[in-house]
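Right, one structure below, let's go through it.
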Amino acid sequence: MNRAEATVGAQIAIVTTDATTVDWLVGWGTATRDEVDFHYDGAAARARGFSAPVVHGPLKGAWVAAQLAMASGAQWKLVRLACRYRAPDYVGDTLRLTATIDAADPEAGTVEVRFDVANSDGLVTVSGTGTLRRVAGGTP
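Numbering (full-length UniProt numbering), first residue to last: 1 to 140.
Now the structure itself:
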């Protein structure tokens, strides 16, 4: 994203992933030591009232952060991310991230973004905001 594209209302990311697999959750759980069984065991998830293993909330936040960083380009750095986890996502769900610039401060070299993550049914399961800052030497 160049400076001209950093305008209020501009959409900076529309990304979809089908990577919500048990292997993805086991890898995240192992790396973060969050190995609670309802994240990878269908029977354990159903025993807690879920329809399938539940995607870790922080994993969704990390995915959003990575996607915003990639979509904005090397001249921008994600410096703040706030997520509101509204509903669970499950193994097999397709997640769709949309992000829009809500405010831009050319003097400070920052933009504020608003984002939503929707599941396969179109239900918004994560919403939030973030701040991107133009890095020194970044392309205008």
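Ideal Cβ positions, reconstructed from N, Cα and C, are used throughout, including at glycine.
Contact belief for residue i with residue j at Cβ below 8 Å, rounded distance in angstroms
i      : j     : result
Thr30  : Ala87 : Not a contact, Cβ separation roughly 25 Å.
Gly128 : Thr20 : Not quite, the Cβ-Cβ distance comes to about 19 Å (not below 8 Å), so this is no contact.
Option nearest residue i by Cα separation, candidates the options
i      : options               : result
Gly130 : Ala52, Arg46, Gln67   : Gln67
Leu123 : Thr7, Ala65, Arg96    : Arg96
Gly61  : Ala44, Lys77, Cys83   : Cys83
Ala99  : Asp105, Ala118, Asp89 : Ala118
Ala136 : Gly109, Asp116, Trp28 : Gly109
8 Å Cβ cutoff, residue i in contact with chain B
i     : result
Ala71 : Absent from the structure is chain B; it holds one protein chain and no more.
Classification of residue i by the beta-carbon crowding that lies within 10 angstroms, buried from 16 upward
i     : result
Gln11 : exposed
Pro53 : buried
Ala6  : buried
Rounded straight-line distance, which links the Cα of residue j to that of residue i
i     : j      : result
Val8  : Val111 : 8 Å
Arg46 : Arg80  : 35 Å
Leu23 : Ser120 : Looking at the sequence provided, one finds Asp at residue 23 rather than Leu. Looking at the two C-alpha atoms, the distance is approximately 19 Å.
DSSP bridge partner residues for residue i (one or two, in chain order)
i           : result
Thr98       : Ile14, Asp116
residue 141 : Any question about residue 141 goes unanswered here, given that the chain covers just 1 to 140.
Ala103      : Glu112
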